[in-house]
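Asker:
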Amino acid sequence: DGEVYKYYSEGEWKKSSSGKSVAIINPTTRKTQYRVQACNQEEVNKVMEIAKSAQKLWAKTPLWKRAELLHKAAAILKEHKAPIAECLVKEIAKPAKDAVTEVVRSGDLVSYCAEEGVRILGEGKFLVSDSFPGNERTKYCLTSKIPLGVILAIPPFNYPVNLAVSKIAPALIAGNSIVLKPPTQGAVSALHMVHCFHLAGFPKGLISCVTGKGSEIGDFLTMHPGVDCISFTGGDTGIAISKKAGMIPLQMELGGKDACIVLEDADLDLVAANIIKGGFSYSGQRCTAVKVVLVMESVADSLVEKVKARVAKLTVGAPEDDSDITPVVTESSANFIEGLVMDAKEKGATFCQEYKREGNLIWPLLLDNVRPDMRIAWEEPFGPVLPVIRINSIEEGIHHCNASNFGLQGCVFTKDINKAILISDAMETGTVQINSAPARGPDHFPFQGIKDSGIGSQGVTNSINMMTKVKTTVINLP
Ligand code: G3P
Numbered sequence: 012d013g014e015v016y017k018y019y020s021e022g023e024w025k026k027s028s029s030g031k032s033v034a035i036i037n038p039t040t041r042k043t044q045y046r047v048q049a050c051n052q053e054e055v056n057k058v059m060e061i062a063k064s065a066q067k068l069w070a071k072t073p074l075w076k077r078a079e080l081l082h083k084a085a086a087i088l089k090e091h092k093a094p095i096a097e098c099l100v101k102e103i104a105k106p107a108k109d110a111v112t113e114v115v116r117s118g119d120l121v122s123y124c125a126e127e128g129v130r131i132l133g134e135g136k137f138l139v140s141d142s143f144p145g146n147e148r149t150k151y152c153l154t155s156k157i158p159l160g161v162i163l164a165i166p167p168f169n170y171p172v173n174l175a176v177s178k179i180a181p182a183l184i185a186g187n188s189i190v191l192k193p194p195t196q197g198a199v200s201a202l203h204m205v206h207c208f209h210l211a212g213f214p215k216g217l218i219s220c221v222t223g224k225g226s227e228i229g230d231f232l233t234m235h236p237g238v239d240c241i242s243f244t245g246g247d248t249g250i251a252i253s254k255k256a257g258m259i260p261l262q263m264e265l266g267g268k269d270a271c272i273v274l275e276d277a278d279l280d281l282v283a284a285n286i287i288k289g290g291f292s293y294s295g296q297r298c299t300a301v302k303v304v305l306v307m308e309s310v311a312d313s314l315v316e317k318v319k320a321r322v323a324k325l326t327v328g329a330p331e332d333d334s335d336i337t338p339v340v341t342e343s344s345a346n347f348i349e350g351l352v353m354d355a356k357e358k359g360a361t362f363c364q365e366y367k368r369e370g371n372l373i374w375p376l377l378l379d380n381v382r383p384d385m386r387i388a389w390e391e392p393f394g395p396v397l398p399v400i401r402i403n404s405i406e407e408g409i410h411h412c413n414a415s416n417f418g419l420q421g422c423v424f425t426k427d428i429n430k431a432i433l434i435s436d437a438m439e440t441g442t443v444q445i446n447s448a449p450a451r452g453p454d455h456f457p458f459q460g461i462k463d464s465g466i467g468s469q470g471v472t473n474s475i476n477m478m479t480k481v482k483t484t485v486i487n488l489p
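In full-length UniProt numbering, the protein residues as written are 12 to 489.
1) Taking DSSP's pairing of strands, which residues face ASP269 in a bridge?
2) At which residues does the alpha helix (DSSP H) containing SER226 begin and terminate?
3) Measuring CB to CB, does LEU159 end up less than 9 Å from PRO94?
4) Does the ligand G3P have even one heavy atom less than 8 Å from the beta-carbon of TYR123?
5) With a cut-off of 7 Å, give the chain-ordered residues whose Cβ is closer than this to any heavy atom of the ligand G3P.
6) So, GLY118 versus PRO167, is the Cβ gap smaller than 9 Å?
7) Quickly, what does DSSP pair PRO158 with across the bridge? List them, please.
8) Which full runs of the alpha helix (DSSP H) of 4+ residues lie inside the region 339-420, going along the chain?
9) From the DSSP secondary-structure annotation, give me the bridge partner or partners of LYS25.
10) What's the gap between the Cα of GLY465 and the Cα of GLY266?
11) Indicate the three-state DSSP secondary structure (helix, strand or coil) for ARG46 in the structure shown.
12) Using DSSP with H/G/I as helix, E/B as strand and the rest coil, what is ASN169?
13) Per DSSP, what are the beta-bridge partners of GLU264 in this structure?
14) Need the endpoints of the beta strand (DSSP E) that ALA34 sits in, please.
15) State yes or no: is the C-beta of LEU232 within less than 9 Å of the C-beta of ALA283?
16) Can you give me the Cβ contacts of HIS410 inside the same chain, cut-off strictly under 8 Å, excluding the 5 residues immediately before and after it?
17) Would you give the residue range spanned by the alpha helix (DSSP H) that LYS108 belongs to?
18) Whose CA, out of SER468, ALA34, ILE445, LYS462, lies closest to the CA of PHE456?
19) Taking the continuous beta strand (DSSP E) assigned at PHE291, which residues delimit it?
20) The beta strand (DSSP E) that contains LYS71, what's its start and end?
21) Determine the closest residue to GLU102 out of ARG130, GLU90, VAL33, with distance taken between C-alpha atoms.
22) Quick one: measure Cβ to Cβ for LEU99 and SER226, integer angstroms, because I've assumed they're closer than 8 Å.
23) PRO87 to LEU163, Cα distance in whole Å?
24) At a cut of 8 Å, does the region 66-83 reach the region 359-376 through at least three beta carbon pairs?
25) In terms of DSSP beta bridges, what is ALA164 paired with?
26) Please classify PHE143: does DSSP put it in a helix, a strand, or coil?
27) Rounded to whole angstroms, what is the Cα-Cα separation between SER435 and ILE348?
28) In terms of residue numbering, what span does the alpha helix (DSSP H) encompassing VAL322 cover?
29) Per DSSP, what kind of secondary structure is ASN487 in: helix, strand or coil?
30) Tell me the DSSP bridge mates of CYS152?
31) Closest to ALA49 by C-alpha separation, out of PRO193, GLU275, GLY452, would be which residue?
32) Could you give the residue range of the alpha helix (DSSP H) that holds SER200?
33) Between THR195 and HIS206, what straight-line distance do the alpha-carbon atoms span, to the nearest angstrom?
34) Looking at SER294: is its Cβ nearer than 9 Å to the Cβ of VAL339?
35) Out of ILE272, LYS105, ALA437, ALA360, state which residue places its alpha-carbon closest to the alpha-carbon of ASN403.
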């Protein structure tokens, strides 16, 4: 029937033999917007089998041809930005303009990956033996990068297109095949994106996309013996996956509690603008969102006033209207955010705005005078709710940042570059931004979390390298 979106296997759109479907609830209307196939384990086995055989041929396809197909897919993706963005608006309530940006950024990422791939994979190394003690110049060693095999890509709901292609494009240029398991919220956007790759003409079976319930196919996919690498972005599930996965390379990005450290000499208007952008864009549903402000007491009143004035200007409403603040992705997410807010209220945080919620829509809220005994000081709301902790020394700020179990990004605002560098060195996070909010992009920059924030480094170059292994051939001379 036309009502349930088909899944993608063997270069074709198919119905699942399970006869079951999964509903995708529109976060704004809270009604079923779309349905996707609930694939079963048999169907997963099939895509794994064909992914393996398609990969063998793909690895032999010239690098320039792989790049050519990726450029084609990028162009098709950009041509289809409007319908894909519309799905993002309906499935994940991403503001209309941001939804278009996500698709365009994705096309650019795919093209960049193709270009970067032909450069870095087009080069190998040549070593000679006599540099190591005891050896004559009798051995020549040739090294090159070869594909890993089948890559399982699991992107999150907040960038179902962009964080899918950031896994798919490096995998494909490096000669791997792809099995994509999109998030439930965002699955239809992802299926549309996959269709762009289909139209570009990639070989059958090289890319598959299975939709379904985590309870049915989640562990089955991640523990499948056919998988040679998992690239996952999301929440705590990633920790469970890393414990269960076999002896294969993992690329994981699991969220953060990015701190914004504000020193006394900071440009407070710049800080306020970045707190708004960093803390409230896509309603705070970004791993790299500013999730705690650590501000020196002497400038805290002034900063809080400036942020409050800007919060008052944020528009709240439907993603179709391109509102700044839109409904969070699910009701359970809204309930979780509310739980953090109520805990802070009971423990005496200062509410800079009145707490307001209608359905999944939560109005932006700044919580001042948050203390370490409040859950929101440590937990990730993934919503438009931002705690401010007042600090009396830089050390106190660094201590709070490093006491977190997360370590994705952080930022520091000061006009003193020496202090900024020292703070960056002291912060136990994958990246520190000086005088700007945390962000993953530009997408060729390295992107990595430490501690519970992840394993490995992403960004175009690092992802391509990560999805390859080194192969050497040694020529032994007589
Ligand atoms: O939440 C996903 C993370 O990768 C954030 O990306 O571009 O919003 O910084 P970005």
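Think of the CB as a built atom: it goes at the ideal place given N, C-alpha and C, for glycine as much as any other residue. Values in this document were obtained by computation on a predicted structure and should not be read as measured data.
Answerer: On the basis of the coordinates in this document:
1) Listed as beta-bridge partners of ASP269 by DSSP are VAL301.
2) First-last for SER226: undefined, no H or E at that position.
3) Remark: C-beta atoms of LEU159 and PRO94 do not approach each other more closely than 9 Å.
4) The ligand G3P has no heavy atom closer than 8 Å to the beta-carbon of TYR123.
5) Cβ-based neighbours of the ligand G3P within the cut-off: PRO167, ASN169, TYR170, LEU174, THR244, GLU264, ARG297, CYS298, THR299, PRO449, ALA450, ARG451, GLY452, PHE458.
6) In this structure, PRO167 does not lie closer than 9 Å to GLY118 by Cβ.
7) Per DSSP, the beta bridge partners of PRO158 are THR479.
8) Uninterrupted alpha helix (DSSP H) stretches at least 4 residues long and entirely within the region 339-420 occur at 342-357, 405-414, given in chain order.
9) Answer by DSSP bridge pairing, in chain order: TYR18.
10) Distance between the alpha carbons of GLY465 and GLY266: 8 Å.
11) Of the three classes helix, strand and coil, the one that applies to ARG46 here is strand, per DSSP.
12) If DSSP states are grouped into helix, strand and coil, ASN169 belongs with coil.
13) Its beta-bridge partners are THR244, GLY465.
14) Counting along the chain, the beta strand (DSSP E) containing ALA34 begins and ends at 32-36.
15) Cβ atoms of LEU232 and ALA283: not closer than 9 Å.
16) If we look at HIS410 and ignore the five residues flanking it on each side, it has no Cβ neighbours.
17) Bounds of the alpha helix (DSSP H) holding LYS108 are 107-131.
18) Looking at the Cα atoms, SER468 is the closest of the given residues.
19) It is not in any beta strand (DSSP E) - PHE291 instead sits in the alpha helix (DSSP H) that spans 279-291.
20) No beta strand (DSSP E) holds LYS71; the alpha helix (DSSP H) holding it covers 52-71.
21) When each option's Cα is compared against that of GLU102, the closest is VAL33.
22) Actually they are not in contact, since the Cβ atoms of LEU99 and SER226 sit about 25 Å apart, beyond 8 Å.
23) According to the sequence shown, residue 87 is Ile rather than Pro. Roughly 23 Å separates the two Cα atoms.
24) The region 66-83 vs the region 359-376: no contact.
25) Beta-bridge pairing by DSSP links ALA164 to LEU191, SER242.
26) DSSP places PHE143 in coil when its eight states are reduced to three.
27) Their backbone Cα atoms lie some 29 Å apart in a straight line.
28) According to the DSSP assignment, VAL322 belongs to the alpha helix (DSSP H) that extends over 308-322.
29) Looking at ASN487 - three-state DSSP - the assignment turns out to be strand.
30) Residue pairing by DSSP puts CYS152 in a beta bridge opposite LEU138, VAL485.
31) ALA49 has its Cα closest to that of PRO193, out of PRO193, GLU275, GLY452.
32) That run of the alpha helix (DSSP H) goes 198-211.
33) Cα-Cα distance, rounded: 17 Å.
34) Going by C-beta atoms, SER294 is nearer than 9 Å to VAL339.
35) For the options ILE272, LYS105, ALA437, ALA360, the alpha carbon positioned closest to that of ASN403 is the one of ILE272.
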